[in-house]
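S.K.:
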């Protein structure tokens, strides 16, 4: 534990190396106080020196970074597999990811290092292993007998491309079909290629002149394991005899084949074709199909031929013992109804049911009771993998209801625009949110249990509640229970319900609001007081209060006029403030891509004092949960739409909400529902403004006569072309601008001539302002290398994804309510609002409000800039206050009470305020530490003296995207995420580096706008447009992670095959068991060509543990795996021995009875 004595620090202030220039003071405001202005400490200043040493608990040993779990729907799915014994499901994706799902809580994420897409997945049924075939022509064997699956073996095909794989049940030989039409055989145990190859020219007739195309299907006959059915793309089907190495029969059809399904008796099979037909073939008659049906085809007018339909991409033919077989297929719809949605068709007897899906079908699987292909399948469910959803259909009920999905697969229901993460919440919040959210759940689900029920999930040692909040492009907000590494929806709030619906009929194109006018940009939540605020892309703020009771009431609304009268910063005074890298020269804002969701009205009209959206004026029914208390809207000013809100904070104890944008700051009293402050950024400084600025020409931006022609002039048109809609899918290599950014750029610097040209156009605003919502934020840049990706962030700040880009109008980027020393000469703390800007300036605003509850309802609140100005380098990101013991001071809050309670005592009782500080039991002392973090550096000031005690330059070549002051192990630290991918933590208040890990370069803006830290070493971001990735940077949590993860593999006895009966076994015509080892082994088949495929050993399972054999942990892990496997085999041996003993006893008993029966008979009596 390291100790820091501030006496020693303060003694050497004058000689401590700071920034390149000395600190400066700025007078101004009513208080006339001053503050330090640079990285160096103010010469001769004295701080409120602590009377005792601060013990900093945290050291680098407390930190380690690791991924924990991934939630949501697998992005860009491609393949599906199911283990019917273990009852676990695997989904492969185009990005090379594999998600393995079991019972709720069992959710595992794996990733191919190459990133190649997954073509096909095959479980080794009940063996705890999975085979994946990827688009780079590699086969991988995954070990699922460990909590984090790893690759045991890989096999790279060099000369042929993989198209289809098939692994028979209880076989160790994998059949692999290729694009050339050949079929290879791989030993799963050794992952070595067999010398046995079925060449395409031997499989088809020699008289055939054309190539049959790629192999699209492989399966062994349920009747005879020695017969392999091979389907080729051009319509050829071959039944290959593995023993005699020749084709038993060949079938030809003039339509391409997509899939094949066997009847369990092995006498018939069904093919699906590209013309929407299904053909049923009988092995006894191979000249033509036994039956041809086009399920969705219509008989044409001539009455002879049925019209062709869309291809049937997959068919499954499943039999039942007591009813007609199920024929289930995807596709095959008629061409004359192009508007019909993708469908799954279920044919059962004469009934045909068409189930329409919301998204295209990627794959589907029928879940059956038995893993044996030669038994009645008895299907009970169908798993349908869609492009953006996963559904399971109950086949046991005639109306085919779907199961309620227990996984959080709908995170992306509307694109996620922002996230917030809260760990260690009040314990009563989750049950309360769930109780109000459960009332809105859909009805009509199947009453059966979720069929994917494999694996084991442990709660682990982590017991504190966690909540994740996601804001979406459609204006919805979702609250999720994230406790114990799981994710479950608690409550959904639709913020758009407070507004009237947009009427687009008859409006000119320029008047129509863009796709997502309700997109959520910012959220603020106080879990203790249950106050919730959102800022939307249409420049509005909504304050919500929580109530358990339904209410019918009108929605209060307030309009705020916020405009900056300053056009340009001419030059910062060099002698007054230190230089800011990247801030002295800035590209003018291309606001046509940012600001507002509304557009300028048609020529000749000018909007003024009009909000972007219309709040409902009638009484509205508000169900239990979060109910809108006040809607605040920024209005148009002199024909200019309001700019997007860039910072938001609220405080229930003060009853105030503050928000800012590039024009200025607004403070609203949501108790009295009045505007307390609406001030331009420059006015906050008073006379102490460190910049020289020009007043804006009032008519400069009103020249609408130019029309739309200017859009094609200069870089503005380039940006308009590159900016995408918010609801379009994210490009993997694309960049996008932050929700709080006010401009987008292609990443190149403009010449001075270009800058001058744009400046003439009033800050680069074209006359036509295209609407832009916060969910977008994507610029498709040509990216060739990782270096270019990183440089695109660092070279030009106009294309940066910094918290705000520094344009001529100083943007409010960070706000923080707290009890602090507002001025240098203050003796006691008072309510304050800390304001941070895009130019690195920090101002404090004093708040004067009544402490008497009755007077607070009527007495006006007064706020005024205190005159205090502090500076940091770069855009301000976050604030925090520590008491004299170095403990985090939480802002005060009002204890929650139900505003609509039927209990008069609760509704009328006085407001209860909590001044929340962990060290509140002690004297808080006469000073505080103010922590200020910008995108470039962090500083700690002593208050009220405003002396800079510590400064740490976090990055010079990049910039921070997110910074949060968080608690960990009963201490506090500063957690930072940098655009170059580094995750860092700094001690407080000394700002010592504790952790610096190069985790993830930001190649997509989605990561930047959703990354957030929370307490107890947790963090998250949107890993893909549909998935949330959670991280941990606590050593203790990483050590306990294995106990918290679910088990994928559980020892389950393989069900026994049904007894077929003596006569059926004798006359069933089966070929008996196939000795594949003898047939495909090296002794019989020889070795495969080395150039055909290359074996690559993996690092998973026992093989992976061997590499760590030098350590005790490696030895223990290897021994544990070996013991588990040995114990399982011994258990199976015991069961087999017991069965043999009982069989022997039965045989002995019957033999004894026969002996007694014939013992006394003579030979001639037999």
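Residue numbers (the numbering used here): 9 to 1174. No residue lacks a Cβ here, since even glycine has one placed at the ideal position from N, Cα and C. Note that the structure is a prediction, hence the values are computed from the model and not measured.
Say the cut is 7 Å; is the CB of residue 282 nearer than that to a heavy atom of the ligand SAM?
M.R.: Of the ligands one can find in the structure shown there are none, so the ligand SAM has no counterpart to examine.
S.K.: Is it the case that the segment 131-146 contacts the segment 88-95, given that we only count it when at least three CB pairs across the two stretches are under 8 Å?
M.R.: The segment 88-95 vs the segment 131-146: in contact.
S.K.: Who pairs with residue 141 in a beta bridge, going by DSSP?
M.R.: For residue 141, which the question treats as bridged, DSSP gives the partners 128 and 147.
S.K.: So who's on the other strand from residue 174, going by DSSP bridges?
M.R.: Looking at the DSSP assignment, residue 174 forms a beta bridge with 183.
S.K.: Using alpha carbons as the reference points, say which of 260, 447, 863 and 938 lies closest to residue 832.
M.R.: It is 938 whose Cα lies nearest to the Cα of residue 832.
S.K.: Let me make sure I understand the geometry here. Which of 67, 73 and 66 has the alpha-carbon closest to that of residue 1005?
M.R.: Nearest of 67, 73 and 66 to residue 1005, Cα basis: 73.
S.K.: To which residues of the same chain is residue 1008 closer than 6 Å at the C-beta, ignoring the five residues directly before and after it?
M.R.: The answer, listed in chain order, is 989.
S.K.: For residue 636, count neighbouring Cβ atoms within 10 angstroms of its own Cβ and tell me buried if that reaches 16, exposed if not.
M.R.: Buried: at least 16 other Cβ atoms inside 10 Å.
S.K.: Within 10 Å of its beta-carbon, does residue 313 have 16 or more other beta-carbons around it, so buried, or fewer, so exposed?
M.R.: Counting Cβ neighbours within 10 Å, residue 313 comes out exposed, since fewer than 16 surround it.
S.K.: Quick one: any contact between the segment 411-430 and the segment 390-399, if contact means 3 or more CB pairs under 8 Å?
M.R.: Contact between the segment 411-430 and the segment 390-399 is present, because at least three Cβ pairs lie under 8 Å.
S.K.: What's the gap between the Cα of residue 1084 and the Cα of residue 270?
M.R.: Rounded to whole angstroms, residue 1084 to residue 270 spans 21 Å at the Cα level.
S.K.: Between the Cα of residue 1105 and those of 179, 198, 177 and 884, spot the shortest distance and give me the residue it belongs to.
M.R.: With distances taken between Cα atoms, residue 1105 lies closest to 198.
S.K.: What did DSSP end up calling residue 687 once you bin it into helix, strand or coil?
M.R.: If DSSP states are grouped into helix, strand and coil, residue 687 belongs with the strands.
S.K.: Determine, using beta carbons only, whether residue 358 and residue 340 come nearer to each other than 8 Å.
M.R.: Not in contact: residue 358 and residue 340 (Cβ atoms no closer than 8 Å).
S.K.: Would DSSP call residue 715 helix, strand or coil?
M.R.: For residue 715, the predicted model reports a pLDDT of 33, less than 50, meaning its position is unreliable and no value from the coordinates is stated.
S.K.: Out of 980, 1013, 984 and 621, point me to the one whose CA is closest to residue 998's CA.
M.R.: If we check each option's Cα against that of residue 998, 980 comes out closest.
S.K.: Residue 355 by DSSP, collapsed to three states: which one?
M.R.: Three-state result, residue 355: strand.
S.K.: Looking only at C-alpha atoms, which of 179, 147, 160 and 242 sits nearest to residue 1213?
M.R.: The structure shown has nothing for residue 1213, since the chain only spans 9 to 1174.
S.K.: If we ignore side chains and look at the alpha-carbon of each, how far apart do residue 976 and residue 432 end up?
M.R.: If you take the alpha carbons of residue 976 and residue 432, they lie about 11 Å apart.
S.K.: In the DSSP assignment, find the unbroken beta strand (DSSP E) run with residue 218 in it and report its ends.
M.R.: Looking at the DSSP string, residue 218 is not in any beta strand (DSSP E), and its letter there is neither H nor E.
S.K.: Would you say residue 68 faces chain D, with C-beta separation under 8 Å as the test?
M.R.: Looking at the structure shown, chain D is missing, and only one protein chain is on hand.
S.K.: Are the CB atoms of residue 460 and residue 428 nearer to each other than 8 Å?
M.R.: Contact: no.
S.K.: Using only CA atoms, which one of 683, 452, 184 and 942 lies nearest to residue 222?
M.R.: Among 683, 452, 184 and 942, the Cα nearest to that of residue 222 is on 184.
S.K.: According to DSSP, residue 655 sits in a beta bridge with which residue or residues?
M.R.: Bridge partners of residue 655: 668.
S.K.: Secondary structure at residue 696, three-state DSSP: helix, strand or coil?
M.R.: In the structure shown, residue 696 sits in a helix (DSSP, three-state: H, G or I).
S.K.: Do residue 826 and residue 842 count as a contact pair if the criterion is CB distance below 8 Å?
M.R.: Yes, the Cβ-Cβ distance between residue 842 and residue 826 is below 8 Å.
S.K.: Please return the same chain residues whose Cβ sits closer than 6 Å to the Cβ of residue 380, not counting the five positions on each side in sequence.
M.R.: If we look at residue 380 and ignore the five residues flanking it on each side, its Cβ neighbours are 1065.
S.K.: Does the beta-carbon of residue 128 have 16 or more other beta-carbons within 10 angstroms, so that it is buried, or is it exposed?
M.R.: Burial call: buried.
S.K.: Specify whether the segment 634-654 and the segment 666-673 touch according to this definition: at least 3 beta carbon pairs, one from each stretch, less than 8 Å apart.
M.R.: The segment 634-654 vs the segment 666-673: in contact.
S.K.: With DSSP run on the structure shown, which of helix, strand or coil describes residue 1046?
M.R.: Helix.
S.K.: Could you give the distance in angstroms between the alpha-carbon of residue 255 and the alpha-carbon of residue 412?
M.R.: Spanning the two alpha carbons is a distance of roughly 47 Å.
S.K.: How about residue 539 and residue 662: do their beta carbons lie closer than 8 Å?
M.R.: In this structure, residue 662 does not lie closer than 8 Å to residue 539 by Cβ.
S.K.: Taking C-alpha atoms, which residue in 961, 1023, 1010 and 267 lies nearest to residue 1000?
M.R.: Considering only alpha carbons, the answer is 961.
S.K.: Tell me whether the beta-carbon of residue 287 lies closer than 8 Å to the beta-carbon of residue 297.
M.R.: In contact: residue 287 and residue 297 (Cβ atoms closer than 8 Å).
S.K.: Given that a residue counts as buried once 16 or more other Cβ atoms are within 10 Å of its Cβ, and exposed if not, what is residue 238?
M.R.: That one is buried.
S.K.: For a test of the three-state rule: what should DSSP assign to residue 283, helix, strand or coil?
M.R.: Looking at residue 283 - three-state DSSP - the assignment turns out to be coil, as it is neither helix nor strand.
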